[in-house]
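In order, the protein sequences belong to chains Z and P. For any residue, its number in this note's numbering is found by taking its place in the first sequence, counting from 1, and adding 683. For any residue, its number in this note's numbering is found by taking its place in the second sequence, counting from 1, and adding 683. In this text, a Cβ means the ideal position worked out from N, Cα and C, and glycines have one as well. Please read all numbers here as calculations on a predicted model, not as lab measurements. Data block below; observations after.
There are 2 protein chains.
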Amino acid sequence: MSRIESVDVSDVRFPTSLELDGSDAVNVDPDYSAAYVAVTTSDGDTGYGMVFTGGRGNEIVSGAMESYGRLLLGKDTEDLLDDLGGASRLLVHDSQLRWLGPEKGVSHMACGGLVNALWDLKARRADKPLWLLLAEMAPEELVAAVDFTHIRNALTEDEALEILRRAEDGKAERIAELKRDGFPAYTTTPGWLGYSDDKLVRLSKEAVADGFGMIKLKVGGDLDEDRRRMRLARDAVGPDIRISIDANQRWEVGEAIEWVGALAEFEPWWIEEPTSTDDILGHAEIRRGVAPVKVATGEAVANRIVFKQLLQAGAIDVMQIDSTRVAGVNENIANIVLAAKFGVPVCPHAGGVGLCELVQHFSFFDYAAVSGSMEDRSIEYVDHLHEHFTDPVRVEGGRYLAPERPGISAQMQTASVAAWVFPGGAGWAEVGERAAVTGRRIAP
Amino acid sequence: MSRIESVDVSDVRFPTSLELDGSDAVNVDPDYSAAYVAVTTSDGDTGYGMVFTGGRGNEIVSGAMESYGRLLLGKDTEDLLDDLGGASRLLVHDSQLRWLGPEKGVSHMACGGLVNALWDLKARRADKPLWLLLAEMAPEELVAAVDFTHIRNALTEDEALEILRRAEDGKAERIAELKRDGFPAYTTTPGWLGYSDDKLVRLSKEAVADGFGMIKLKVGGDLDEDRRRMRLARDAVGPDIRISIDANQRWEVGEAIEWVGALAEFEPWWIEEPTSTDDILGHAEIRRGVAPVKVATGEAVANRIVFKQLLQAGAIDVMQIDSTRVAGVNENIANIVLAAKFGVPVCPHAGGVGLCELVQHFSFFDYAAVSGSMEDRSIEYVDHLHEHFTDPVRVEGGRYLAPERPGISAQMQTASVAAWVFPGGAGWAEVGERAAVTGRRIAP
C-alpha cells in the first residue's frame, strides 16, 4: 500500500527586483518567488506544487505549507487521489486551521499548493497532462471534486452537471484541435512601468510580429504618463491589436472611472484590477461607469465565493483565475463552471514564476470540457523564468501549445532550486555581493 | 534616542478542546490560542499584542508576526508612535508582502498583532488605557491614523472628521459615565453546542441573575436540536431577555432563511454569521429574508473594505468587529466610523482567549468619541481564560467595567506563557499525558 511519506517545502526566490521586470503601480519591486512543494509517496512517486509570492513573505507561505502538509503525512495515497474533493476539504476545512482564513490569504494559498501537488501526482500516475486528465474525467467525477459550500445560491451540483454534460458534445474534436493548434495567448511583456519608451515601443511591435492579438500595459502611476505610454503603444501596434490596461488595485472607485475615461480615446479592451478585488460593489459601479471598456479581475480574488458575487453583481466582463491564489485545481474548476454559468469568459492571470506553466491547463480544460469556446479568451503570457521548469510553456505564433508531459507542469529544475533557494542558494550569495556594491535593498 | 530593539513572539495555546468550551457547528474542537508578541524598545518599554487562533496554525501566525516584525526592528520609537497610521501602512502595504493578502488572512492578522502592540506601547507611555487614549485624541489625529484606501466611496477623510467632531459634544460626560457605569455586556457562556441541556438551562438562568440582558446560542448543527435548545433557553430566561443565535457560517443562503424562519417563534434577536462572511450579497438577501430578526457578522470579516460593502448593501444590522482579525486599532477605528456613518451599532466579537480584554477598548471608545450611543450595543462576554492576563476584564452586573490600567490589556501572565507555550510548556506536557490515556487527539 502506498502512503504519503514526505512533504518537502523549499523557499525559492528570484531577484527580479534588480531588473524591474514585473513592476507596476502597486508591486514596485517584486522578487518573483515560489513556495515550492514536493509530495512524495512511499512507493517513490512525487507530485509538485507551488505558490507564487512577491518575495518577502515567501517564508510565511512555505511554513504554512509545512503545517498543512502534516495533515497529509501517512495518508493512503490511492484514497487521497481517488477523492481529491475529500482531500481538499481535509485541508481547507480543518476545524482548527480554518480560523486562519477562512478560505483566504496565506492559509488558502498553502492549501492550494498542496492540492495542486496531489493533482500533479494523480496526473503523473495517469500519464497525462493535467488539462487532458480533467477534460477526460466524467462530469460526475468533476462535480465530486468541487466544494459547493457557499456558492449553491449561484451554482448547484445539478446545474454544474448539466453544464459539463452539455460540453461532452464535441469534446473529442476540441481536444484534437487543442493538441493541433493550441490556445490564444496575450502578452504583458511590453507593458511594465519600469520600462523606457523605446523598450515599450520595441516590445509592443515585437508582440504583434510574434502573433499576439493583445498586449497589456500597466497603468495607475501617473495619468499624463499613462496617456503618453498608451498613445505610444497604440501607435506601435495599430488599431486592430487589443490593448488592455492593468491598474493593480491602485484606485478608489470614482477615481477608476475618471482615469479610465481619460484613456478611452486609446480604446483599451479591458481595465484590470481597477480597485480592491475585495470590492464587489465597487467593481460593479466601475463596470457601469467605464463601458464599453470591459472590467477584468481575479489574480487577487481570494476564493470562489468572491468570484460568485462578482458574477452575480454583474461586476466583471472577464474572470482572471490564478493558479496559486485559490485552493488549487478543485476551486478553479468551481470558478470555471461558475463563469460558464454566467457566460463570462475566463482569461487566466499568469506571469510571475510558474504561473504560466500551471494556469495554461485550466484554459485548455475550459475549452475542451466546459465553455467549449475560445471567443474573447486568452491566457496571459510573460516571457521570463520559464527556463527553471522541467516542462516549460511553449508559446508560438501568439498561442500556447498544448502541454504534453504528465502532470501540472510545476516541477522546477533541480539546479534552479539549489541555486535560488533563499537565503542559502549560490545565486543569492552572488546577488548579495552585487547588492552590497550598488546599495540596493535585497529581500527580505 | 529610543529604537525598536526586539519583537518576541510566543506560540501560546490552551487545551480547551478537552472540555468542549467554545464548540460550535463549524469550530468543533478549538484549542484557544494566541500568537503573542512583545515589542521592546531600547529604553526598556514593552508593548504587547496578540492574534487569536483556534489552535493548529497558531505557529503560522506566529511565524508571520516574526517576519513582519523585522520591518519594525531598529525603527525610531517616537517616529512610529507619533504616526501610527504610517506605522500601519509600513506593514500592511509593504510592496512585497502585500501579495500574501492583500489585507486578509494570516498576513493581515499578523500586521494587526504588531500594530496593536505599538498602540499598547503608546498608551503605556501616555499612562492611559487604550480606550481613553483614543477617546482623548483629536479628531484630526484619529483620521490621520486611519487608512482610507478603498473605502473613500463610502467614507472620506472629511466625512470622518465631521462625525468625530460632532461627537466632541458631551464627550467628557460620556467618559465620566463609562468610568462610573461601564458598558453593557452579553454572554455566550450558556450556548455552546457541546453543553448538556441541564448546563444550558442552568447557565442561562445564571446569566439573567448576573444581570445580562442578552444571551447567545450556537445553532446550525441540527434543526430539531436547535428548536429544542432554543425553547429551553427561552423558557429559562423568559420573554424579556434577548436571545441571539450564531450559525458560524454554517449555511447556504436559502438554507439560512429557512432555518431562521423555523426558529422565529422563539424570537431570536439576531442571527450571527448565517453564511460565509465573504458573501456580502448573500447576507443582504438573508437580511431581507429573515426580518425582523437582525443580521450580525464581523468576527471573520477580513478588512474594512468588506465591512464597507456589508453596510453599503444593507446586509447587516449589527457590526461585530474583532480585535485581532483586522490590522489592529487603526482599521477598527475605520470600521467604527463607517458603522457610525451608516447608523449601524457595533457589538464586538469576543471570547476565545484575550479577545474580551482587547475588544472592550473599542466599545468604550465608540461610546465616548464616535457614536455616543449605547442603544442596542453590547460587548460579547465569555467567562474563561481571563486569569492568564495581567489586566483581566471585569464584568459586573452584566456590564464591562472601564479598563483603568495603561495599555490595550493584552499582556499575559509570565507564568501562563511559560506553562502554555506550545509545544514545550509544562501544561502541554501534562495534557499530553492525559491525552495518551484517553486517546484524544491533541493539536496539532
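Beta-carbon contacts of residue i that lie in its chain and below 7 angstroms, excluding the five residues immediately before and after
i: Glu908/Z; result: none
i: Gly796/Z; result: Ala718, Val720, Gly732, Met733, Val734, Met748, Thr1007
i: Ala828/Z; result: Leu767, Gly768, Asn1013, Ile1016
i: Gly1081/Z; result: Pro867, Ala868, Asp893, Gly894, Phe895, Gly896
i: Ala1033/Z; result: Cys1039, Val1042, Ile1062, Glu1063, Tyr1064, Val1065
i: Lys991/P; result: Ile834, Ala837, Leu1021
i: Leu861/P; result: Phe1047, Tyr1050, Ala1051, Ala1085
i: Val976/Z; result: Val943, Ala947, Pro951, Trp953, Ile954
Same chain, Cβ closer than 6 angstroms to residue i, five either side skipped, listed in chain order
i: His1071/Z; result: Met1095, Gln1096, Ser1099
i: Leu816/Z; result: Ala806, Ala809
i: Lys899/Z; result: Thr871, Gly874, Ser927, Asp929
i: Leu756/Z; result: Ile687
i: Val1078/P; result: Ala868, Tyr1064
i: Val722/Z; result: Val690, Gly730, Ala800
i: Asp971/P; result: Note on identity: in this sequence residue 971/P is Arg, with Asp being the wrong assignment. None.
i: Asp694/P; result: Asn741, Glu742, Ser745, Phe1105
i: Ala1126/Z; result: Only weak support exists for where Ala1126/Z lies, its pLDDT of 45 falling under 50; the coordinates are left without a value.
i: Ala1128/P; result: Outside the displayed range of chain P (684 to 1127) lies residue 1128/P, so it cannot be described from this structure.
7 angstroms Cβ cut-off: residues of chain P touching residue i
i: Pro698/Z; result: Result: empty, since nearest Cβ-Cβ is about 12 angstroms, beyond 7 angstroms.
i: Ala983/Z; result: Pro785
Best match in the options for proximity to residue i [C-alpha to C-alpha]
i: Gly737/P; options: Gly965/Z, Leu783/Z, Asp923/Z; result: Leu783/Z
i: Glu955/P; options: Val711/P, Ala945/P, Thr980/P, Val1114/P; result: Thr980/P
i: Ser750/Z; options: Asp777/Z, Asp759/Z, Lys991/Z, Gly1108/Z; result: Asp777/Z
i: Leu993/Z; options: Ser716/Z, Lys787/Z, Ala837/Z; result: Ala837/Z
i: Arg914/P; options: Ala947/P, Leu774/P, Asp694/P; result: Ala947/P
i: Pro951/P; options: Thr958/P, Arg912/P, Glu982/P; result: Arg912/P
i: Asp918/P; options: Arg1060/P, Asp1074/P, Leu886/P; result: Leu886/P
i: Ala890/P; options: Val744/P, Thr960/P, Arg925/P; result: Arg925/P
i: Trp1111/P; options: Pro922/P, Ser685/P, Thr699/P, Val692/P; result: Thr699/P
i: Asp962/P; options: Ala974/P, Pro1106/P, Trp953/P, Val978/P; result: Val978/P
i: Arg1088/P; options: Val798/P, Val973/P, Gln779/P, Leu804/P; result: Leu804/P
i: Tyr715/Z; options: Arg696/Z, Asp759/Z, Met792/Z, Leu906/Z; result: Arg696/Z
i: Val973/P; options: Asp1074/P, Gly944/P, Val984/P, Arg781/P; result: Gly944/P
i: Asn931/Z; options: Gly921/Z, Thr960/Z, Ala1093/Z, Lys758/Z; result: Thr960/Z
i: Leu876/Z; options: Arg863/Z, Leu844/Z, Ala916/Z; result: Ala916/Z
i: Leu754/Z; options: Gln779/Z, Asp765/Z, Arg739/Z; result: Gln779/Z
i: Gly965/Z; options: Gly965/P, Val989/P, Val984/P, Trp953/P; result: Val989/P
i: Val789/P; options: His1044/P, Ile999/P, Asn986/P, Gly853/P; result: Asn986/P
i: His1069/Z; options: Met792/Z, Gly1035/Z, Ala859/Z; result: Gly1035/Z
i: Glu938/Z; options: Gly904/Z, Phe949/Z, Gly921/Z; result: Gly904/Z
i: Val920/P; options: Leu883/P, Trp934/P, Lys901/P; result: Leu883/P
Cβ-based neighbour list, residue i, same chain, cut-off 8 angstroms, excluding 5 preceding and 5 following
i: Ile846/P; result: Val1020, Ala1023, Lys1024, Val1053
i: Cys794/P; result: Tyr751, Ser771, Leu774, Val775, Ala1010, Gly1011
i: Thr724/P; result: Ser685, Arg686, Ile687, Glu688, Thr760, Leu804
Listed by chain order, chain Z residues near residue i by CB distance under 7 angstroms
i: Glu935/P; result: His833, Arg835, Asn836
i: Gly746/P; result: Ile743, Gly746
i: Pro713/P; result: Gln779
i: Val989/P; result: Asp961
Proximal chain P residues relative to residue i, where beta-carbon distance stays under 9 angstroms
i: Asn986/Z; result: Ser959, Asp961
Interface partners of residue i on chain Z, CB under 8 angstroms
i: Gly788/P; result: Leu783, Gly784, Lys787, Gly788, Val789, Ser790, His791, Ala985
Neighbour list for residue i in chain P, Cβ cutoff strictly below 8 angstroms
i: Ser750/Z; result: Arg739, Gly740, Glu742, Ile743, Pro1127
i: Val1012/Z; result: None at all; the shortest Cβ gap to chain P is about 20 angstroms.
Residue i Cβ short of 8 angstroms to the ligand ADP heavy atom set
i: Gly757/P; result: Ligands displayed in this structure: none; no statement on the ligand ADP is therefore possible.
* To do: Return the residues of the segment 827–842 of chain P that lie within a Cβ-Cβ distance of less than 7 angstroms from chain Z, sorted by chain order.
  => Listed by position, the residues of the segment 827–842 of chain P near chain Z (Cβ gap below 7 angstroms) are His833, Arg835, Asn836.
* Cβ-based contacts, 9 angstroms cut-off: residues of the segment 993–1007 of chain Z near chain P -> Gln995, Ala996
* Asked: Can you list, in chain order, the residues of the segment 1052–1079 of chain P whose Cβ is nearer than 9 angstroms to any Cβ on chain C?
  -> In the structure shown, chain C cannot be found, because the protein chains are Z and P.
* Compile a chain-ordered list of the residues in the segment 939–969 of chain P whose CB is closer than 7 angstroms to at least one CB of chain Z. => Thr958, Ser959, Asp961, Asp962, Ile963, Leu964, Gly965
* May I ask you to list, following chain order, the residues of the segment 791–822 of chain Z that have a beta carbon less than 9 angstroms from some beta carbon of chain P? => His791, Met792, Ala793
* Unbroken stretches of the beta strand (DSSP E), 3 residues or longer, contained in the segment 973–1040 of chain P -> 977–980
* To do: Give, in chain order, every residue of the segment 761–785 of chain P whose Cβ lies closer than 8 angstroms to some Cβ of chain Z.
  => Asp777, Ser778, Gln779, Leu780, Arg781, Trp782, Leu783, Gly784, Pro785
* For the segment 724–740 of chain Z, which residues have a beta carbon sitting closer than 7 angstroms to at least one beta carbon of chain P? -> Listed by position along the chain: Thr736, Gly737, Gly738, Arg739, Gly740.
* Asked: Fully enclosed by the segment 688–764 of chain P, which beta strand (DSSP E) runs are 3 residues long or longer?
  -> 716–724, 729–736
* Could you name each continuous beta strand (DSSP E) segment of 3 residues or more that falls completely within the segment 845–910 of chain Z, going from the start of the chain to the end? => 866–874, 897–901
* **Completely contained alpha helix (DSSP H) runs for the segment 909–981 of chain Z, where each covers 4 or more residues** => 936–946, 963–973
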